[in-house]
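Note sheet for the following structure.
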Amino acid sequence: MSIDQELLEMKLPNIKVITSSNDDEDDKYINCQTPKSSQYLIPKNLSCPPAPKKPKMVFSCCSCKRRLIDEFNIFDEQEEIESFFRFVDVNSTKKRRRCLV
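Following the UniProt record's numbering, the numbering of the sequence shown begins with 1 at its first residue and continues without gaps.
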């Protein structure tokens, strides 16, 4: 108990508050602000930039992979076409049976 009484009797030293005489320096740090004049602002874009475009490939006449044909030759192979359809008609008359598995 004697220790408790000693602690109670002990007093902390008084703390002195010192105010600075340089109030201007404190105001500089307290009042820091972002500059808002037009000189410091990022300019606004009025229109969007155009979309990227794929570059056009320029072909010269000689570098074409396909040969350009001036005339189209149409062959009259009527007999061959008719023989093909006759063959299909003959084979299609058979009935097909379903496989039951």
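Just so it is clear, CB atoms sit at the ideal spot from N, CA and C, and this is done for glycine as well.
Residue i in three-state terms, based on DSSP
i             : result
isoleucine 42 : coil
glutamate 6   : helix
isoleucine 81 : helix
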